[in-house]
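The next block holds one structure in the form of structure tokens; read it before the comments.
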Amino acid sequence: MKQFEYESTTTQMDEALEYSRSPEISTANKEELEKFLLVLRRHFSEILPGNFRYQSYQGAVQHIEALIATKRPEKQWYEKPLGIVSLGLLIAVIGGVTVWAITQ
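Now the structure itself:
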């Protein structure tokens, strides 16, 4: 992936916008995409809303954010807090029913 360092030039703005649509961007790893996203966001903050360039940059930022989201690994059920709480609750209920049945 091509590396970008922020420069406040319209040439780099155009180049970054064009590169965000290239097929090469989909092969980049998460760290490279995050660095590229920082450059895009800095350029995006310089553009006034209401024109085509603003909308193009908004779409590019959303596209890169979506690519980063797909690069993140999905957590297993036991890594999620709700899965752990559910498993703990199930064990407590089964244990409580077992103790209650034994004492009867």
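Per my numbering, the sequence shown starts with residue 42, numbered consecutively. We put the beta carbon where it would ideally sit given N, CA and C, even for glycine. Computed from a prediction, not measured in an experiment: that's the story for all the values here.
What are the start and end residues of the alpha helix (DSSP H) that includes residue i?
i    : result
Q146 : Any question about residue 146 goes unanswered here, given that the chain covers just 42 to 145.
A57  : T51 to Y60
Let me know the secondary structure DSSP gives residue i once reduced to three states.
i    : result
T139 : helix
L89  : coil
S63  : coil
E48  : coil
K43  : coil
Residues in the same chain with beta-carbon distance under 6 Å from residue i, minus the five sequence neighbours each way, listed in chain order, please.
i    : result
K112 : K71
I125 : none
M42  : A69 and E73
R83  : Y47
M54  : H84
Can you say whether residue i is buried or exposed, counting buried as having 16 or more other CB atoms within 10 angstroms of its CB?
i    : result
L74  : buried
I105 : buried
V134 : exposed
A57  : buried
F85  : buried
L81  : buried
F93  : exposed
L78  : buried
Could you tell me how far apart the beta carbons of residue i and residue j are, in whole angstroms, since I believe they sit closer than 8 Å?
i    : j    : result
A101 : S61  : 4 Å
Y98  : I109 : Incorrect: roughly 16 Å between the Cβ atoms, too far for contact.
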